[in-house]
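Protein chains in written order, with our numbering: chain A, 1 to 111; chain B, 1001 to 1111. Think of the CB as a built atom: it goes at the ideal place given N, C-alpha and C, for glycine as much as any other residue.
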Amino acid sequence: DSGVTQTPKHLITATGQRVTLRCSPRSGDLSVYWYQQSLDQGLQFLIQYYNGEERAKGNILERFSAQQFPDLHSELNLSSLELGDSALYFCASSTPNYGYTFGSGTRLTVV
Amino acid sequence: GNSVTQMEGPVTLSEEAFLTINCTYTATGYPSLFWYVQYPGEGLQLLLKATKADDKGSNKGFEATYRKETTSFHLEKGSVQVSDSAVYFCALAGTASKLTFGTGTRLQVTL
């Protein structure tokens, strides 16, 4: 157990639908990062939150959004899903001295 | 922007062979460098890291040295085992703190 918890582990949904992925960071970590891993794009950084505020944005589509709550857990919302959104979505948390810890990911399949 | 280039796989080796996976990077400033490993069906695990030039990261028999003059962070292991079969990712973290990953190199070790 890495200390970063992601739910659900697997998700199957239809095109056009909306899903929410959840991440609980390692205890004490203020930063949360979301990454998308797909076969053709590799590991792509989506977005970072630090203590509730958006800190950096990467290759995140407008159909996707995220937030970090006061208890530091984060949610990634994916809407108007397309077949190409099928991927593994990873969350990571970090502290300056400890570094980055990844969750085990959510596998999203859009059918 | 920051980028990481690592050798394409798959790399197929016999057990006890010597492993090298090349990784070079482009970054401004003085990034931290990492190797992550992803076993089948699992998330990313930190294998080793180096935070400044000439640092050597090591773990589980794997080593990598931060070479600023050649902007490289090659992963090596003297004698691989079947259990080392996985995908290996080189990554860097710059001033923006998010991780930039290489495309990953699949290692297959056979008996």
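Where VAL32/A falls: helix, strand or coil (DSSP): Start at 1 with the first residue of the first sequence, and residue 32/A comes out as number 32. Residue state, collapsed to three classes: strand.
Neighbourhood of SER2/A by C-beta distance below 8 angstroms, restricted to the same chain and skipping five residues each side: Along the first sequence, read from residue 1 onward, the residue named residue 2/A stands at position 2. Same-chain partners within the cutoff: ARG26, THR101, PHE102, GLY103, SER104.
Residues of its chain near VAL113/A, where Cβ-Cβ distance is below 7 angstroms and the 5 sequence neighbours each way are ignored: Given a span of 1 to 111 for chain A in the structure shown, any question on residue 113/A remains unanswerable.
Selection of the stretch 85 to 98 of chain A by Cβ proximity to chain B, strictly under 8 angstroms: PHE90, ALA92, SER94
Interface residues of the stretch 1030 to 1049 of chain B facing chain A [CB-CB below 7 angstroms]: GLU1042, GLY1043, LEU1044, LEU1046, LYS1049
Residue-chain proximity (LYS1068/B, chain A), Cβ-Cβ < 8 angstroms: As a position in the second sequence, residue 1068/B is number 68, starting the count at 1. Cβ-Cβ to chain A under 8 angstroms: no for LYS1068/B.
With 16 other Cβ atoms within 10 Å as the buried cut-off, status of SER31/A: Translated into the one-based positions of the first sequence, residue 31/A becomes position 31. Result: buried.
Buried/exposed call for SER24/A, threshold 16 Cβ in 10 Å: In the first sequence, counting from the first residue as 1, residue 24/A sits at position 24. By the neighbour-count rule (16 or more Cβ atoms within 10 Å), SER24/A is buried.
Chain B within 8 angstroms of VAL48/A, Cβ atoms only: The residue you call residue 48/A lines up with position 48 of the first sequence. Contrary to the premise, residue 48/A reads as Gln rather than Val in this sequence. Yes, GLN48/A lies at the interface with chain B (some Cβ there is under 8 angstroms from its Cβ).
Whole-Å CB distance - LEU43/A paired with TYR35/A, under 8 angstroms assumed: Position 43 of the first sequence, counting from 1, holds the residue named residue 43/A. Position 35 of the first sequence, counting from 1, holds the residue named residue 35/A. That belief holds up - the Cβ atoms of LEU43/A and TYR35/A are roughly 5 angstroms apart, short of 8 angstroms.
Residue environment, GLN1038/B, which counts as buried when at least 16 other CB atoms sit within 10 Å: Translated into the one-based positions of the second sequence, residue 1038/B becomes position 38. That one is buried.
Beta carbon proximity, LEU1111/B to chain A, threshold 8 angstroms: As a working note, residue 1111/B is residue 111 in the second sequence. No, LEU1111/B lies away from the interface with chain A (no Cβ there is under 8 angstroms from its Cβ).
Beta-carbon proximity check, LEU78/A vs PHE90/A, cutoff 8 angstroms: For the purposes of this step, residue 78/A is taken as residue 78 along the first sequence, with counting starting at 1. For the purposes of this step, residue 90/A is taken as residue 90 along the first sequence, with counting starting at 1. Going by C-beta atoms, LEU78/A is not nearer than 8 angstroms to PHE90/A.
Beta carbon proximity, LEU1099/B to chain A, threshold 8 angstroms: Walking along the second sequence from the start, residue 1099/B turns up at place 99. For LEU1099/B, the answer is yes, since a Cβ of chain A falls inside 8 angstroms of its Cβ.
Min CB distance LEU39/A to chain B below 8 angstroms: Within the first sequence, numbered from 1, the residue matching residue 39/A stands at position 39. Chain B contact via Cβ: absent.
Cβ pair THR1105/B, VAL1087/B closer than 8 angstroms: Indexing the second sequence from 1 puts residue 1105/B at position 105. Indexing the second sequence from 1 puts residue 1087/B at position 87. Yes, these two residues count as a Cβ contact at 8 angstroms.
Buried/exposed call for VAL1109/B, threshold 16 Cβ in 10 Å: As a position in the second sequence, residue 1109/B is number 109, starting the count at 1. Note on VAL1109/B: 16 or more other CB atoms within 10 angstroms of its CB, so buried under the neighbour-count rule.
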